[in-house]
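Engineer: Below is the structure I would like to discuss, written out as structure tokens.
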Amino acid sequence: MREFIYRNKLAFIALILICSCKKDNNGEQPTTPTTPIEQEILQPTTATAKLPVNGEICTDYEEIENDLLNINVFVEWIASSNTDNYTLKIQEGTTEIYEESFTNTETLVLLQKAKTYSWYIISTNENGSVQSDTFSFTTPGISEDNYVPYAAEITIEFDSNANTMTTSWVGNDEDGDVLTYDIRILEADIEIISEKDLTNTFLEPITITRGVFYTAEVTSTDSFGNSSISSKTRKL
């Protein structure tokens with residue numbers, strides 16, 4: 106009889122222990138630990154030129170001893186958000202002459218004197234990349250050739266009520282040459298407008314789709330056939 110009572114007591118104690126293990130200190134059922142939700146990685150924003158000043162003769166440079174043809178130009182840009190690294194690209198006319206990647210936002214670049222260059226920055230992280238607007242400058246010196254035009258300064262304006270986009274631009278040339286323009290408009294990566302040999306500096310409004318990136322690309326050409334390419338990407 107005592108053995109029967111003893112076994113029943115043990116069973117009762119075991120039952121209490123099992124029930125207590127199923128609840129926490131507040132009497133609530135424990136939850137399975139969850140893995141923290143990974144923070145969303147946002148697309149990079151666009152970088153902005155700081156030096157050289159856009160559309161002007163460069164004043165921030167270093168002379169190179171015993172080198173009459175080249176200088177070191179100080180290039181600097183304003184940091185973009187959500188960016189792991191930057192790629193700096195420099196063009197003379199339509200020819201790319203320099204490409205280098207950085208985690209910082211400044212560098213010295215060896216360039217020829219008395220030349221006009223255009224440049225832009227690609228901001229990158231593991232989620233993607235975005236290209237900045239195009240900027241341009243002229244290095245100091247006396248040119249024996251005709252200067253390449255500055256990269257056109259493009260303006261994109263949206264009408265959110267009408268869902269339209271208006272594009273205009275301003276061209277400039279260190280020699281003061283008359284310029285003509287070719288312009289392309291891309292919806293995402295698809296060309297939707299292409300106009301050539303324009304003397305005007307605007308396009309009539311076009312209907313656009315909200316949330317889609319639109320790129321305006323302007324090629325400025327002088328009477329000597331020298332060209333530069335400028336681009337700007339925006340979305341409504």
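Going left to right, the sequence shown walks through residues 106 to 341 as the numbering used here numbers them.
Where a beta carbon is used, it is the ideal one built from N, C-alpha and C, also for glycine.
(1) State the start and end residues of the unbroken beta strand (DSSP E) segment that holds Gln217.
(2) Can you grab the Cα-Cα spacing for the pair Pro310 / Thr271, in whole Å?
(3) Out of curiosity, what's the CA-to-CA distance linking Thr243 and Phe263?
(4) Please classify Glu322 as buried or exposed, where buried requires at least 16 other C-beta atoms within 10 Å of its C-beta.
(5) I need the straight-line Cα distance from Ile195 to Ser234, nearest angstrom please.
(6) Can you tell me the Cα-Cα spacing of Asn251 and Glu204, whole angstroms?
(7) Pick out whichever of Asn175, Glu231, Thr200, Leu284 has its Cα sitting closest to the Cα of Val214.
(8) Cβ atoms of Thr326 and Ser335: under 8 Å apart, would you say?
(9) Rounded to whole angstroms, what is the Cα-Cα separation between Asn277 and Leu156?
(10) DSSP state of Lys340, grouped into three classes?
(11) Can you say whether Asn130 is buried or exposed, counting buried as having 16 or more other CB atoms within 10 angstroms of its CB?
Structural biologist: Per the coordinate set shown:
(1) Reading the sequence shown from its first residue, position 112 is the one you call residue 217. Per DSSP, the unbroken beta strand (DSSP E) holding Gln217 starts and ends at 211-217.
(2) Counting from 1 along the sequence shown, the entry for residue 310 is found at position 205. Counting from 1 along the sequence shown, the entry for residue 271 is found at position 166. When rounded, the distance between both Cα atoms is 4 Å.
(3) Walking along the sequence shown from the start, residue 243 turns up at place 138. Walking along the sequence shown from the start, residue 263 turns up at place 158. Distance between the alpha carbons of Thr243 and Phe263 is about 32 Å.
(4) Looking up residue 322 in the sequence shown gives position 217. It counts as buried.
(5) In the sequence shown, the residue the question calls residue 195 occupies position 90. In the sequence shown, the residue the question calls residue 234 occupies position 129. For Ile195 and Ser234, the gap between their C-alpha atoms comes out near 18 Å.
(6) Start at 1 with the first residue of the sequence shown, and residue 251 comes out as number 146. Start at 1 with the first residue of the sequence shown, and residue 204 comes out as number 99. Rounded to the nearest angstrom, the two C-alpha atoms are 25 Å apart.
(7) On the sequence shown, position 109 is the one that residue 214 refers to. Among Asn175, Glu231, Thr200, Leu284, the Cα nearest to that of Val214 belongs to Asn175.
(8) Sequence index remark: in the sequence shown, residue 335 carries index 230 (1-based). Sequence index remark: in the sequence shown, residue 326 carries index 221 (1-based). Taking 8 Å as the Cβ cut-off, Ser335 and Thr326 do not qualify as a contacting pair.
(9) Your numbering for residue 277 matches position 172 in the sequence shown. Your numbering for residue 156 matches position 51 in the sequence shown. Asn277 and Leu156: Cα-Cα distance of roughly 18 Å.
(10) Residue 340 sits at position 235 when you count from the first residue of the sequence shown. In this structure, Lys340 counts as strand in the three-state DSSP scheme.
(11) One-based indexing of the sequence shown puts residue 130 at position 25. For Asn130, the predicted model reports a pLDDT of 49, less than 50, meaning its position is unreliable and no value from the coordinates is stated.
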